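Residue 898 in the numbering used here sits at position 317 of the sequence shown; the count goes up by one each step and never skips. A virtual CB, placed ideally from N, CA and C, is assigned to each residue, including glycine. Please read all numbers here as calculations on a predicted model, not as lab measurements. Have a look at the structure below before the remarks.
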Amino acid sequence: MATQVVMPKLSPTMEEGQLSRWLKKEGDKVSMGEPLAEIDTDKATMEMQALANGVLRKILINEGESAPLGQPIAIIGEPDEDISALLTDGNGKAAQASAAAPEKAPETAPAEKPSESRTTPASQAAPPAKATAVALQPARDDGRQLVSPIAARMAADAGVNLKSLQGSGPGGRIVKRDVESAVAKGPASGTATAKLRVGLARPDATGAVYGPSGYRDEPLSEMRRTIARRLVTSLGPVPHFFLTSQIDMDRAADMRRAINELNPDIKLSINDIVIKVAAAALIQHPQVNASFQDKTVRYYEHTDIGVAVATENGLITPVVRAADAKSLLEIASEIRELAERARARKLKPEEYTGATFSISNLGMFGIDEFTAVINPPEGAILAVGAMAPSPVVKENQIVIRETMRVTMSCDHRVIDGAIGAQFLRTFKQIMENPLYLFLA
(Lines of atoms letter the chains of each structure in order from A and count residues from 1; the text may use other names and numbers.)
(Lines give C-alpha, C1' and ligand atoms only; values in the text may rest on other atoms or scores of the structure.)
Protein backbone atom coordinates (compact mmCIF):
# COMPACT_ATOMS: atom_id res chain seq x y z
CA MET A 1 0.00 0.00 0.00
CA ALA A 2 1.40 3.39 -1.02
CA THR A 3 2.32 5.81 1.76
CA GLN A 4 3.26 9.46 1.98
CA VAL A 5 6.71 10.39 3.28
CA VAL A 6 6.34 13.50 5.44
CA MET A 7 8.91 16.00 6.73
CA PRO A 8 10.01 14.44 10.05
CA LYS A 9 10.89 16.17 13.32
CA LEU A 10 14.64 15.55 13.58
CA SER A 11 15.47 17.95 16.43
CA PRO A 12 13.58 19.35 19.44
CA THR A 13 13.55 22.92 18.07
CA MET A 14 12.86 22.04 14.43
CA GLU A 15 9.75 23.60 12.87
CA GLU A 16 10.58 22.98 9.23
CA GLY A 17 13.34 21.28 7.27
CA GLN A 18 15.22 21.96 4.07
CA LEU A 19 15.75 19.07 1.66
CA SER A 20 19.52 19.01 1.30
CA ARG A 21 19.89 15.93 -0.92
CA TRP A 22 17.80 13.01 -2.10
CA LEU A 23 19.70 9.76 -1.66
CA LYS A 24 17.22 7.94 -3.90
CA LYS A 25 15.65 8.95 -7.21
CA GLU A 26 12.19 8.23 -8.54
CA GLY A 27 11.87 4.58 -9.49
CA ASP A 28 14.51 3.33 -7.02
CA LYS A 29 13.67 0.51 -4.65
CA VAL A 30 13.48 1.54 -0.98
CA SER A 31 13.69 -0.61 2.15
CA MET A 32 12.42 0.29 5.59
CA GLY A 33 15.18 1.91 7.66
CA GLU A 34 17.26 2.74 4.59
CA PRO A 35 18.52 6.36 4.28
CA LEU A 36 16.18 8.20 1.93
CA ALA A 37 17.31 11.84 2.07
CA GLU A 38 19.47 14.34 3.92
CA ILE A 39 17.59 17.09 5.75
CA ASP A 40 19.04 20.41 6.89
CA THR A 41 17.52 21.13 10.32
CA ASP A 42 18.08 24.26 12.39
CA LYS A 43 21.43 22.96 13.69
CA ALA A 44 22.63 19.96 11.69
CA THR A 45 22.29 17.91 8.51
CA MET A 46 20.63 14.60 9.34
CA GLU A 47 19.60 11.50 7.41
CA MET A 48 15.90 10.71 7.05
CA GLN A 49 15.13 7.00 6.91
CA ALA A 50 12.38 5.32 4.95
CA LEU A 51 9.50 3.98 7.05
CA ALA A 52 8.13 1.64 4.38
CA ASN A 53 9.22 -0.85 1.72
CA GLY A 54 8.58 -0.31 -1.96
CA VAL A 55 9.58 2.04 -4.76
CA LEU A 56 10.10 5.80 -4.54
CA ARG A 57 7.22 6.69 -6.83
CA LYS A 58 7.16 10.48 -6.56
CA ILE A 59 9.35 13.24 -5.13
CA LEU A 60 7.18 16.20 -4.12
CA ILE A 61 9.83 18.76 -3.14
CA ASN A 62 13.19 19.38 -4.77
CA GLU A 63 16.64 19.72 -3.27
CA GLY A 64 17.09 23.13 -1.68
CA GLU A 65 13.38 23.57 -0.91
CA SER A 66 11.90 23.72 2.60
CA ALA A 67 8.77 22.17 4.06
CA PRO A 68 7.07 22.42 7.48
CA LEU A 69 6.85 19.40 9.75
CA GLY A 70 4.30 16.87 8.56
CA GLN A 71 4.09 18.08 4.95
CA PRO A 72 4.28 15.26 2.36
CA ILE A 73 7.59 15.33 0.51
CA ALA A 74 7.50 11.99 -1.36
CA ILE A 75 5.42 8.88 -1.99
CA ILE A 76 6.54 5.26 -1.63
CA GLY A 77 4.46 2.46 -3.16
CA GLU A 78 4.42 -0.55 -5.42
CA PRO A 79 5.63 -0.07 -9.04
CA ASP A 80 2.17 -0.34 -10.66
CA GLU A 81 0.09 1.01 -7.75
CA ASP A 82 -2.36 3.87 -8.31
CA ILE A 83 -1.05 6.76 -6.17
CA SER A 84 -3.37 9.48 -7.47
CA ALA A 85 -5.21 9.68 -4.13
CA LEU A 86 -1.94 10.52 -2.38
CA LEU A 87 -0.94 13.26 -4.81
CA THR A 88 -2.77 15.78 -2.65
CA ASP A 89 -2.09 17.24 0.76
CA GLY A 90 -4.46 17.03 3.70
CA ASN A 91 -6.75 19.66 2.09
CA GLY A 92 -6.73 17.95 -1.26
CA LYS A 93 -4.90 20.62 -3.24
CA ALA A 94 -1.23 21.46 -2.68
CA ALA A 95 0.61 18.43 -4.00
CA GLN A 96 -1.75 17.71 -6.87
CA ALA A 97 -0.45 20.18 -9.45
CA SER A 98 3.18 19.57 -8.56
CA ALA A 99 3.03 15.78 -8.63
CA ALA A 100 0.54 15.19 -11.44
CA ALA A 101 2.18 17.62 -13.87
CA PRO A 102 4.32 16.29 -16.72
CA GLU A 103 8.09 16.68 -16.54
CA LYS A 104 8.04 19.63 -18.97
CA ALA A 105 5.32 22.18 -19.55
CA PRO A 106 3.97 22.39 -23.11
CA GLU A 107 5.59 25.28 -24.95
CA THR A 108 2.17 26.62 -25.95
CA ALA A 109 0.82 26.71 -22.41
CA PRO A 110 0.18 30.31 -21.32
CA ALA A 111 1.73 31.30 -17.99
CA GLU A 112 -0.70 32.60 -15.42
CA LYS A 113 0.28 35.46 -13.16
CA PRO A 114 1.22 34.38 -9.64
CA SER A 115 -1.44 36.61 -8.10
CA GLU A 116 -4.15 34.89 -10.15
CA SER A 117 -2.96 31.41 -9.20
CA ARG A 118 -3.04 32.30 -5.49
CA THR A 119 -6.67 33.48 -5.60
CA THR A 120 -8.10 30.57 -7.59
CA PRO A 121 -10.34 28.40 -5.31
CA ALA A 122 -9.38 24.76 -5.00
CA SER A 123 -12.73 23.69 -6.39
CA GLN A 124 -11.99 25.65 -9.59
CA ALA A 125 -8.40 24.50 -10.06
CA ALA A 126 -6.78 25.24 -13.41
CA PRO A 127 -6.05 22.40 -15.85
CA PRO A 128 -2.76 20.57 -15.35
CA ALA A 129 -1.06 22.42 -18.21
CA LYS A 130 -1.67 25.81 -16.62
CA ALA A 131 -0.75 24.59 -13.17
CA THR A 132 2.49 23.29 -14.61
CA ALA A 133 3.21 26.60 -16.32
CA VAL A 134 2.88 28.41 -13.02
CA ALA A 135 4.98 25.88 -11.14
CA LEU A 136 7.76 26.03 -13.71
CA GLN A 137 7.59 29.77 -14.39
CA PRO A 138 11.32 30.49 -14.77
CA ALA A 139 11.71 34.20 -15.02
CA ARG A 140 12.00 36.83 -12.33
CA ASP A 141 12.00 40.06 -14.28
CA ASP A 142 13.12 42.23 -11.32
CA GLY A 143 16.79 41.28 -11.71
CA ARG A 144 16.96 39.22 -8.54
CA GLN A 145 18.24 35.67 -8.32
CA LEU A 146 16.77 32.82 -6.31
CA VAL A 147 19.54 30.71 -4.79
CA SER A 148 19.24 27.80 -2.36
CA PRO A 149 21.46 28.12 0.77
CA ILE A 150 23.38 24.96 -0.15
CA ALA A 151 24.08 26.25 -3.67
CA ALA A 152 25.20 29.61 -2.29
CA ARG A 153 27.65 27.95 0.11
CA MET A 154 29.03 25.68 -2.63
CA ALA A 155 29.42 28.60 -5.04
CA ALA A 156 31.27 30.67 -2.45
CA ASP A 157 33.64 27.78 -1.68
CA ALA A 158 34.33 27.08 -5.37
CA GLY A 159 34.53 30.72 -6.50
CA VAL A 160 31.60 30.34 -8.90
CA ASN A 161 29.92 33.57 -10.04
CA LEU A 162 26.21 33.00 -9.43
CA LYS A 163 25.32 35.65 -12.01
CA SER A 164 26.71 33.36 -14.70
CA LEU A 165 24.41 30.45 -13.84
CA GLN A 166 20.97 29.55 -15.15
CA GLY A 167 18.93 27.98 -12.36
CA SER A 168 17.21 24.67 -13.01
CA GLY A 169 15.14 24.66 -9.82
CA PRO A 170 11.56 25.87 -9.30
CA GLY A 171 11.06 29.43 -10.52
CA GLY A 172 14.59 29.48 -11.93
CA ARG A 173 16.19 28.94 -8.54
CA ILE A 174 19.88 28.02 -8.60
CA VAL A 175 20.26 24.70 -6.80
CA LYS A 176 23.10 22.35 -5.91
CA ARG A 177 23.25 20.56 -9.26
CA ASP A 178 23.69 23.87 -11.10
CA VAL A 179 26.82 24.72 -9.09
CA GLU A 180 28.17 21.18 -9.44
CA SER A 181 27.74 21.44 -13.22
CA ALA A 182 29.53 24.81 -13.30
CA VAL A 183 32.44 23.45 -11.27
CA ALA A 184 32.71 20.42 -13.56
CA LYS A 185 32.86 22.64 -16.67
CA GLY A 186 35.67 24.76 -15.26
CA PRO A 187 36.46 28.47 -15.57
CA ALA A 188 34.45 28.94 -18.75
CA SER A 189 31.25 28.36 -16.78
CA GLY A 190 31.76 31.44 -14.67
CA THR A 191 34.17 30.52 -11.89
CA ALA A 192 36.01 33.75 -12.65
CA THR A 193 33.98 36.65 -11.28
CA ALA A 194 33.40 39.80 -13.29
CA LYS A 195 32.59 43.37 -12.30
CA LEU A 196 28.82 43.91 -12.39
CA ARG A 197 27.44 47.08 -13.92
CA VAL A 198 23.76 47.79 -13.50
CA GLY A 199 21.59 50.64 -14.68
CA LEU A 200 22.65 54.16 -15.55
CA ALA A 201 24.27 56.86 -13.48
CA ARG A 202 26.62 59.78 -13.88
CA PRO A 203 30.16 58.75 -14.96
CA ASP A 204 32.89 58.72 -12.33
CA ALA A 205 36.40 60.18 -12.72
CA THR A 206 37.44 57.32 -15.01
CA GLY A 207 34.42 57.70 -17.26
CA ALA A 208 32.84 54.44 -16.13
CA VAL A 209 29.09 54.49 -15.65
CA TYR A 210 27.57 52.66 -12.67
CA GLY A 211 24.02 52.36 -11.42
CA PRO A 212 22.55 50.86 -8.25
CA SER A 213 24.41 47.78 -7.07
CA GLY A 214 23.18 44.39 -8.19
CA TYR A 215 22.10 42.00 -5.48
CA ARG A 216 20.67 38.57 -4.80
CA ASP A 217 18.16 37.32 -2.24
CA GLU A 218 19.35 34.19 -0.46
CA PRO A 219 16.71 32.21 1.47
CA LEU A 220 17.42 31.85 5.18
CA SER A 221 18.85 28.51 6.24
CA GLU A 222 16.99 26.59 8.93
CA MET A 223 19.78 27.44 11.41
CA ARG A 224 19.56 31.17 10.67
CA ARG A 225 15.75 31.11 10.98
CA THR A 226 16.00 29.46 14.39
CA ILE A 227 18.64 31.95 15.54
CA ALA A 228 16.36 34.81 14.48
CA ARG A 229 13.35 33.37 16.32
CA ARG A 230 15.27 32.69 19.52
CA LEU A 231 16.91 36.12 19.63
CA VAL A 232 13.47 37.73 19.41
CA THR A 233 12.39 35.67 22.42
CA SER A 234 15.52 36.55 24.41
CA LEU A 235 16.73 40.14 24.52
CA GLY A 236 13.23 41.62 24.51
CA PRO A 237 11.27 39.39 26.93
CA VAL A 238 14.24 38.41 29.14
CA PRO A 239 15.33 41.22 31.52
CA HIS A 240 19.10 41.23 31.06
CA PHE A 241 21.67 42.87 33.29
CA PHE A 242 25.44 42.75 32.80
CA LEU A 243 28.46 42.34 35.09
CA THR A 244 32.05 42.83 33.91
CA SER A 245 35.32 41.87 35.58
CA GLN A 246 39.00 42.07 34.59
CA ILE A 247 41.05 38.98 35.42
CA ASP A 248 44.80 38.54 35.87
CA MET A 249 45.61 35.63 33.56
CA ASP A 250 49.35 35.20 34.20
CA ARG A 251 49.01 32.02 36.27
CA ALA A 252 46.41 30.48 33.98
CA ALA A 253 48.59 31.21 30.94
CA ASP A 254 51.64 29.69 32.68
CA MET A 255 49.67 26.57 33.61
CA ARG A 256 48.39 26.15 30.07
CA ARG A 257 51.89 26.56 28.65
CA ALA A 258 53.36 24.02 31.07
CA ILE A 259 50.68 21.41 30.37
CA ASN A 260 51.12 21.76 26.60
CA GLU A 261 54.89 21.46 26.92
CA LEU A 262 54.48 18.22 28.85
CA ASN A 263 52.07 16.81 26.27
CA PRO A 264 51.78 18.77 23.00
CA ASP A 265 49.00 16.46 21.77
CA ILE A 266 46.62 17.84 24.39
CA LYS A 267 46.52 21.35 22.83
CA LEU A 268 44.90 22.84 25.92
CA SER A 269 43.29 26.23 25.24
CA ILE A 270 42.41 29.12 27.51
CA ASN A 271 38.76 28.43 26.68
CA ASP A 272 39.10 24.90 28.08
CA ILE A 273 40.27 26.42 31.35
CA VAL A 274 37.40 28.94 31.28
CA ILE A 275 34.89 26.08 30.94
CA LYS A 276 36.32 24.15 33.87
CA VAL A 277 36.59 27.25 36.09
CA ALA A 278 32.99 28.23 35.24
CA ALA A 279 31.82 24.74 36.20
CA ALA A 280 33.67 24.94 39.54
CA ALA A 281 32.18 28.37 40.28
CA LEU A 282 28.67 27.21 39.35
CA ILE A 283 28.85 24.37 41.86
CA GLN A 284 29.62 26.96 44.56
CA HIS A 285 26.77 29.20 43.37
CA PRO A 286 23.89 26.91 42.34
CA GLN A 287 21.54 29.91 42.07
CA VAL A 288 23.35 30.79 38.82
CA ASN A 289 23.16 27.23 37.47
CA ALA A 290 19.43 27.64 36.98
CA SER A 291 16.75 28.42 34.42
CA PHE A 292 13.41 30.24 34.36
CA GLN A 293 10.45 27.89 33.84
CA ASP A 294 7.47 30.28 33.78
CA LYS A 295 6.06 29.34 37.22
CA THR A 296 9.20 27.84 38.73
CA VAL A 297 12.97 28.29 38.80
CA ARG A 298 14.81 25.06 37.99
CA TYR A 299 18.13 24.37 39.74
CA TYR A 300 20.46 21.78 38.22
CA GLU A 301 22.64 19.23 39.99
CA HIS A 302 25.39 19.23 37.34
CA THR A 303 26.82 21.92 35.09
CA ASP A 304 26.00 21.27 31.44
CA ILE A 305 27.93 24.04 29.75
CA GLY A 306 27.13 25.18 26.21
CA VAL A 307 30.14 26.47 24.28
CA ALA A 308 29.40 28.77 21.33
CA VAL A 309 31.02 27.58 18.09
CA ALA A 310 30.95 29.67 14.92
CA THR A 311 30.10 27.79 11.72
CA GLU A 312 29.57 29.00 8.17
CA ASN A 313 25.81 28.78 8.73
CA GLY A 314 25.62 30.48 12.12
CA LEU A 315 26.25 29.91 15.79
CA ILE A 316 25.75 26.56 17.52
CA THR A 317 26.44 25.63 21.13
CA PRO A 318 27.57 22.03 21.68
CA VAL A 319 27.17 21.04 25.33
CA VAL A 320 29.82 19.63 27.67
CA ARG A 321 27.73 17.49 30.03
CA ALA A 322 28.61 17.47 33.75
CA ALA A 323 31.69 19.64 33.23
CA ASP A 324 32.04 19.84 37.03
CA ALA A 325 32.71 16.09 37.15
CA LYS A 326 35.27 16.01 34.32
CA SER A 327 38.97 16.77 34.38
CA LEU A 328 40.48 19.67 32.49
CA LEU A 329 42.01 17.30 29.96
CA GLU A 330 38.71 15.46 29.43
CA ILE A 331 36.99 18.78 28.74
CA ALA A 332 39.73 19.82 26.28
CA SER A 333 39.39 16.58 24.32
CA GLU A 334 35.59 16.59 24.33
CA ILE A 335 35.10 20.20 23.26
CA ARG A 336 37.59 19.82 20.40
CA GLU A 337 35.70 16.78 19.09
CA LEU A 338 32.30 18.47 19.52
CA ALA A 339 33.46 21.62 17.74
CA GLU A 340 34.75 19.64 14.76
CA ARG A 341 31.43 17.82 14.36
CA ALA A 342 29.50 21.07 14.88
CA ARG A 343 31.28 22.67 11.92
CA ALA A 344 30.57 19.55 9.85
CA ARG A 345 26.87 19.69 10.92
CA LYS A 346 27.12 16.19 12.39
CA LEU A 347 25.94 16.88 15.96
CA LYS A 348 22.97 14.98 17.36
CA PRO A 349 20.16 17.09 18.90
CA GLU A 350 21.02 15.98 22.44
CA GLU A 351 24.55 17.27 21.92
CA TYR A 352 23.53 20.90 21.38
CA THR A 353 20.41 21.31 23.52
CA GLY A 354 19.76 21.47 27.25
CA ALA A 355 22.70 23.54 28.51
CA THR A 356 22.41 25.02 32.02
CA PHE A 357 24.95 27.83 31.38
CA SER A 358 26.72 29.06 28.23
CA ILE A 359 30.09 30.56 27.30
CA SER A 360 30.83 32.68 24.23
CA ASN A 361 34.50 33.46 23.54
CA LEU A 362 35.45 36.03 20.88
CA GLY A 363 38.98 36.53 22.19
CA MET A 364 40.48 34.68 19.22
CA PHE A 365 39.07 37.46 17.00
CA GLY A 366 40.81 40.17 19.00
CA ILE A 367 37.64 41.37 20.77
CA ASP A 368 38.51 42.87 24.16
CA GLU A 369 35.02 42.98 25.65
CA PHE A 370 31.42 42.35 24.59
CA THR A 371 28.00 41.34 25.90
CA ALA A 372 26.23 38.14 24.85
CA VAL A 373 22.51 37.42 24.56
CA ILE A 374 21.09 34.78 26.92
CA ASN A 375 19.85 31.57 25.32
CA PRO A 376 16.47 30.91 27.03
CA PRO A 377 15.66 29.24 29.33
CA GLU A 378 19.24 29.44 30.67
CA GLY A 379 19.79 31.99 33.41
CA ALA A 380 23.14 33.38 32.26
CA ILE A 381 25.87 33.46 29.63
CA LEU A 382 29.52 34.46 30.00
CA ALA A 383 31.16 36.57 27.27
CA VAL A 384 34.94 36.12 27.17
CA GLY A 385 37.29 38.65 25.57
CA ALA A 386 40.88 38.42 24.40
CA MET A 387 43.81 37.77 26.72
CA ALA A 388 46.41 40.49 26.20
CA PRO A 389 49.24 42.30 28.06
CA SER A 390 47.96 45.27 30.06
CA PRO A 391 49.41 47.69 32.63
CA VAL A 392 48.04 46.92 36.11
CA VAL A 393 48.86 48.13 39.62
CA LYS A 394 50.55 45.54 41.88
CA GLU A 395 51.85 46.57 45.30
CA ASN A 396 51.71 50.25 44.33
CA GLN A 397 53.68 49.65 41.14
CA ILE A 398 52.59 49.55 37.54
CA VAL A 399 53.45 46.20 35.95
CA ILE A 400 52.55 44.44 32.71
CA ARG A 401 50.33 41.38 33.19
CA GLU A 402 48.24 39.17 30.93
CA THR A 403 44.63 40.21 31.53
CA MET A 404 41.22 39.19 30.19
CA ARG A 405 37.82 40.84 30.54
CA VAL A 406 34.66 38.79 30.99
CA THR A 407 31.05 39.98 31.03
CA MET A 408 28.19 37.91 32.40
CA SER A 409 24.67 38.48 31.08
CA CYS A 410 22.10 37.53 33.73
CA ASP A 411 18.35 36.87 33.61
CA HIS A 412 17.08 39.07 36.46
CA ARG A 413 14.08 36.78 36.94
CA VAL A 414 16.50 34.07 38.10
CA ILE A 415 19.64 35.85 39.30
CA ASP A 416 19.83 38.94 41.50
CA GLY A 417 22.68 41.40 41.13
CA ALA A 418 24.44 40.32 44.33
CA ILE A 419 24.22 36.63 43.37
CA GLY A 420 25.69 37.33 39.94
CA ALA A 421 28.47 39.43 41.47
CA GLN A 422 29.37 36.69 43.97
CA PHE A 423 29.58 34.12 41.17
CA LEU A 424 31.80 36.37 39.09
CA ARG A 425 34.06 37.02 42.09
CA THR A 426 34.49 33.27 42.63
CA PHE A 427 35.16 32.78 38.92
CA LYS A 428 37.86 35.47 39.07
CA GLN A 429 39.47 33.98 42.19
CA ILE A 430 39.74 30.49 40.69
CA MET A 431 40.94 31.78 37.32
CA GLU A 432 43.68 33.79 39.01
CA ASN A 433 44.63 30.74 41.12
CA PRO A 434 43.97 27.82 38.73
CA LEU A 435 45.76 25.23 40.87
CA TYR A 436 42.47 25.15 42.80
CA LEU A 437 41.13 23.00 39.96
CA PHE A 438 43.46 20.18 40.97
CA LEU A 439 42.38 20.38 44.63
CA ALA A 440 38.60 20.53 44.17
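Residue i (DSSP reduced to helix, strand or coil)
{"i": "Asp-846", "result": "coil"}
{"i": "Ser-749", "result": "coil"}
{"i": "Leu-727", "result": "strand"}
{"i": "Ser-770", "result": "Because the pLDDT at Ser-770 is just 44, under 50, the model does not fix this residue reliably, and the value given afterwards should be weighed accordingly. DSSP places Ser-770 in helix when its eight states are reduced to three."}
{"i": "Phe-951", "result": "coil"}
{"i": "Leu-600", "result": "strand"}
{"i": "Arg-837", "result": "helix"}
{"i": "Lys-605", "result": "coil"}
{"i": "Gln-1010", "result": "helix"}
{"i": "Gln-1003", "result": "helix"}
{"i": "Ala-583", "result": "coil"}
{"i": "Met-595", "result": "coil"}
{"i": "Lys-538", "result": "For the chain, the structure presents residues 582 to 1021; residue 538 sits outside this window and is missing."}
{"i": "Phe-1019", "result": "helix"}
{"i": "Pro-589", "result": "coil"}
{"i": "Leu-943", "result": "coil"}
{"i": "Gly-998", "result": "helix"}
{"i": "Glu-659", "result": "coil"}
{"i": "Val-858", "result": "helix"}
{"i": "Arg-638", "result": "strand"}
{"i": "Lys-610", "result": "strand"}
{"i": "Asp-580", "result": "Here the chain comprises residues numbered 582 to 1021, so residue 580 is not present and cannot be evaluated."}
{"i": "Gln-874", "result": "coil"}
Beta carbon of residue i nearer than 8 Å to that of residue j
{"i": "Ser-990", "j": "His-821", "result": "yes"}
{"i": "Arg-986", "j": "Glu-950", "result": "yes"}
{"i": "Glu-959", "j": "Phe-938", "result": "yes"}
{"i": "Thr-884", "j": "Leu-863", "result": "yes"}
{"i": "Ile-620", "j": "Arg-638", "result": "no"}
{"i": "Gln-630", "j": "Pro-616", "result": "yes"}
{"i": "Gly-645", "j": "Val-764", "result": "no"}
{"i": "Ile-654", "j": "Val-587", "result": "yes"}
{"i": "Asp-992", "j": "Ile-948", "result": "no"}
{"i": "Pro-800", "j": "Ser-729", "result": "yes"}
{"i": "Ile-1000", "j": "Ile-940", "result": "no"}
{"i": "Val-1013", "j": "Ile-828", "result": "According to the sequence shown, residue 1013 is Glu rather than Val. Yes, the pair counts as a contact, with Cβ atoms nearer than the cut-off."}
{"i": "Gly-998", "j": "Ala-967", "result": "no"}
Neighbour-count burial assignment, residue i, 16 or more Cβ in a 10 Å radius
{"i": "Ala-923", "result": "buried"}
{"i": "Pro-660", "result": "exposed"}
{"i": "Thr-877", "result": "exposed"}
{"i": "Glu-842", "result": "exposed"}
{"i": "Ala-1100", "result": "With the chain running from 582 to 1021 in the structure shown, residue 1100 is simply not present."}
{"i": "Ile-979", "result": "exposed"}
{"i": "Asp-875", "result": "exposed"}
{"i": "Thr-626", "result": "buried"}
{"i": "Thr-807", "result": "buried"}
{"i": "Asp-905", "result": "buried"}
{"i": "Ala-964", "result": "buried"}
{"i": "Arg-838", "result": "exposed"}
{"i": "Asn-942", "result": "buried"}
{"i": "Leu-613", "result": "For the record, residue 613 in the displayed sequence is Met; it is not Leu. Classification of Met-613: exposed, given that the 10 Å Cβ count is below 16."}
{"i": "Gln-747", "result": "exposed"}
{"i": "Thr-825", "result": "exposed"}
{"i": "Phe-1004", "result": "buried"}
{"i": "Met-582", "result": "exposed"}
Residue-level contact to chain B via CB, residue i, 8 Å cutoff
{"i": "Asp-949", "result": "Any reference to chain B falls outside this structure, which holds one protein chain only."}
So does the stretch 969–980 actually touch the stretch 993–1013, counting three or more Cβ pairs closer than 8 Å?
no
So, does the stretch 751–760 touch the stretch 732–742, judging by three or more C-beta pairs under 8 Å?
yes
State whether the stretch 584–599 contacts the stretch 928–936, with contact taken as three or more CB pairs (one from each stretch) at a distance under 8 Å.
yes
Is it true that the stretch 633–652 meets the stretch 604–611, where meeting means three or more beta-carbon pairs spaced less than 8 Å apart?
yes
Under 8 Å, with one C-beta from each stretch per pair, do the stretch 846–855 and the stretch 977–984 reach the 3-pair mark?
no
Only counting runs of 3 or more residues, tell me where the beta strand (DSSP E) segments fall wholly within the stretch 882–917, in order along the chain.
886–888, 890–892 and 895–897
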